[in-house]
Amino acid sequence: MRVLGIETSCDETGIAIYDDKKGLLANQLYSQVKLHADYGGVVPELASRDHVRKTVPLIQAALKEAGLTASDIDAVAYTAGPGLVGALLVGATVGRSLAFAWNVPAIPVHHMEGHLLAPMLEDNPPEFPFVALLVSGGHTQLISVTGIGQYELLGESIDDAAGEAFDKTAKLLGLDYPGGPMLSKMASQGTAGRFVFPRPMTDRPGLDFSFSGLKTFAANTIRSNGGDEQTRADIARAFEDAVVDTLMIKCKRALESTGFKRLVMAGGVSANRTLRAKLAEMMQKRRGEVFYARPEFCTDNGAMIA
Numbered sequence: 001m002r003v004l005g006i007e008t009s010c011d012e013t014g015i016a017i018y019d020d021k022k023g024l025l026a027n028q029l030y031s032q033v034k035l036h037a038d039y040g041g042v043v044p045e046l047a048s049r050d051h052v053r054k055t056v057p058l059i060q061a062a063l064k065e066a067g068l069t070a071s072d073i074d075a076v077a078y079t080a081g082p083g084l085v086g087a088l089l090v091g092a093t094v095g096r097s098l099a100f101a102w103n104v105p106a107i108p109v110h111h112m113e114g115h116l117l118a119p120m121l122e123d124n125p126p127e128f129p130f131v132a133l134l135v136s137g138g139h140t141q142l143i144s145v146t147g148i149g150q151y152e153l154l155g156e157s158i159d160d161a162a163g164e165a166f167d168k169t170a171k172l173l174g175l176d177y178p179g180g181p182m183l184s185k186m187a188s189q190g191t192a193g194r195f196v197f198p199r200p201m202t203d204r205p206g207l208d209f210s211f212s213g214l215k216t217f218a219a220n221t222i223r224s225n226g227g228d229e230q231t232r233a234d235i236a237r238a239f240e241d242a243v244v245d246t247l248m249i250k251c252k253r254a255l256e257s258t259g260f261k262r263l264v265m266a267g268g269v270s271a272n273r274t275l276r277a278k279l280a281e282m283m284q285k286r287r288g289e290v291f292y293a294r295p296e297f298c299t300d301n302g303a304m305i306a
């Protein structure tokens with residue numbers, strides 16, 4: 001079975017074709033980062049208009065890459081949400097229209113389920129059951145996964161997502177959009193321990209997260225300590241360390257509460273190298289395994305939808 005996947009939930013147009021026997025046959029991606037950079041963030045109307053321009057040409061490119069025609073496609077999957085309403089509407093309209101024209105099923109896919117299962121695209125996919133850490137610009141969740149479609153929410157952010165906190169703190173530090181990767185790059189030049197940030201909600205039981213207070217703490221620290229390059233790098237380091245430690249502590253609790261030995265990390269923030277290294281170290285000590293998608297499948301893409 002060959003599935004065409006369409007991802008248009010935010011600022012990336014992702015198109016992919018997946019074959020259940022041969023694997024990924026085509027993967028096309030267009031990022032709108034340059035379009036939104038001057039505004040310091042995603043402008044929904046501009047995002048929608050760009051998806052209108054790019055979606056069909058990328059579908060044509062994916063078919064060409066795979067050496068297929070429309071008659072070879074058995075189903076069309078599209079991101080149904082969550083995401084920007086206008087952007088989602090573009091993908092849904094194109095996906096459902098093509099499915100109707102090609103007389104194949106149209107399959108709506110939850111955006112976060114796509115992220116959650118993205119590590120399944122790798123050569124060494126995780127076996128069930130596992131704890132999943134979904135960490136992105138819009139979500140921070142811990143989920144017990146016992147099978148496809150068998151999910152139990154263990155904890156989530158009660159306010160800002162970790163990725164949102166990264167982006168907004170990056171903006172406070174004067175970094176360009178997209179802020180998260182820029183902050184991590186700056187943090188690599190910072191001195192550990194010069195500033196100490198809190199690890200929110202780790203001093204109490206439970207698996208929920210909170211990052212709004214950490215963002216405020218960062219703003220106050222930036223305001224109080226000036227803006228020379230090294231100080232900004234030290235603040236970035238302290239912020240990243242606090243987020244990574246918080247995620248690691250909560251993952252450890254989730255593994256202890258479920259008894260699972262496997263941890264899956266997914267979503268845009270899962271590409272963070274410091275987070276990957278810390279979780280890998282933790283799982284090695286626990287004699288468990290950690291899984292994540294390759295960096296290009298951590299951010300939004302069509303492959304995770306197909």
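If you count the sequence shown from 1, position 47 lands on 47 in UniProt numbering, and the numbers rise without skipping. All C-beta atoms, glycine included, are put in the ideal place defined by N, C-alpha and C.
I need the DSSP call for residue 307, collapsed to helix, strand or coil.
Any question about residue 307 goes unanswered here, given that the chain covers just 1 to 306.
Have a look at ASP123 and LEU117 and give me their C-alpha separation to the nearest angstrom.
Start at 1 with the first residue of the sequence shown, and residue 123 comes out as number 123. Start at 1 with the first residue of the sequence shown, and residue 117 comes out as number 117. Cα to Cα, ASP123 sits roughly 13 Å from LEU117.
Three-way DSSP call (helix, strand, coil) for SER31 in this model:
In the sequence shown, the residue the question calls residue 31 occupies position 31. Note: SER31 maps to strand in three-state DSSP.
In whole angstroms, give me the CA-to-CA distance for ASP20 and SER71.
As a first step, residue 20 is located in the sequence shown; it is residue number 20 there, counting from the start. As a first step, residue 71 is located in the sequence shown; it is residue number 71 there, counting from the start. Taking the straight line joining both Cα atoms gives about 17 Å.
Give the straight-line distance between the Cα atoms of ASP74 and ILE6, rounded to the nearest whole angstrom.
Numbered from its first residue, the sequence shown carries residue 74 at position 74. Numbered from its first residue, the sequence shown carries residue 6 at position 6. Cα to Cα, the separation comes out at about 14 Å.
Reducing DSSP to helix, strand and coil, say where ILE73 ends up.
Within the sequence shown, the letter at position 73 stands for residue 73. It is coil, neither helix nor strand.
Helix, strand or coil for ARG273? Go by DSSP, reduced to three states.
The sequence position of residue 273 within the sequence shown is 273, counting from 1. ARG273 falls in the helix class under three-state DSSP.
Quick check on this structure: which residue in VAL145, LEU154, ILE148, LEU183 has the alpha carbon closest to the alpha carbon of residue 326?
The shown model of the chain, from 1 to 306, leaves out residue 326, and the question about it has no answer.
Looking only at C-alpha atoms, which of ILE305, THR202, LEU172, ALA101 sits nearest to GLY226?
Taking the first residue of the sequence shown as 1, we reach residue 226 at position 226. Out of ILE305, THR202, LEU172, ALA101, LEU172 has the C-alpha closest to the C-alpha of GLY226.
Could you give the distance in angstroms between the alpha-carbon of VAL145 and the alpha-carbon of VAL33?
Taking the sequence shown and counting its residues from 1, one reaches residue 145 at position 145. Taking the sequence shown and counting its residues from 1, one reaches residue 33 at position 33. For VAL145 and VAL33, the distance between alpha carbons rounds to 32 Å.
Nearest candidate by alpha-carbon position, reference GLY302, set LEU255, VAL131, SER31:
To locate residue 302, count along the sequence shown from 1; it is residue 302. The shortest C-alpha separation from GLY302 is found at SER31.
For SER9, name the three-state secondary structure that DSSP assigns.
Locating residue 9 in the sequence shown gives position 9, where the first residue counts as 1. Coil, per DSSP.
Just list the residues that DSSP pairs TYR18 with in beta bridges.
Taking the sequence shown and counting its residues from 1, one reaches residue 18 at position 18. Looking at the DSSP assignment, TYR18 forms a beta bridge with VAL3, LEU24.
Enumerated in chain order, which unbroken segments of the alpha helix (DSSP H) with a length of 4 residues or greater are wholly contained in the segment 145-215?
Annotation: the segment 145-215 contains the following complete segments of the alpha helix (DSSP H) (minimum length 4 residues), in chain order: 162-172, 179-187.
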